[in-house]
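Undergrad: Quick one: the structure is below, and I'll ask about it shortly.
In the numbering used here, the protein residues as written are -5 to 51.
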């Protein structure tokens, strides 16, 4: 069976791993490159004229 000391070491190890994963996630998220160019191209394509007019309503 697992002793109290082993359980304590396991809890500390898993907690440390969780904190390192959180820090790594935030580091990668902050340093990620944005896809602004792709978003601008998609927005320009969706704003093309369809030939419909809203005048006279």
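Glycine is no exception: its CB is placed at the ideal position from the N, C-alpha and C atoms.
The alpha helix (DSSP H) with residue 5 in it runs from where to where?
TA: Run containing residue 5: -2 to 24, per the alpha helix (DSSP H) assignment.
Undergrad: Pick helix, strand or coil for residue 29, following the three-state DSSP scheme.
TA: Looking at residue 29 - three-state DSSP - the assignment turns out to be coil, as it is neither helix nor strand.
Undergrad: Taking the CB atoms as reference points, tell me whether residue 52 and residue -4 lie closer together than 9 Å.
TA: Nothing in the structure corresponds to residue 52, since the chain is present only between -5 and 51.
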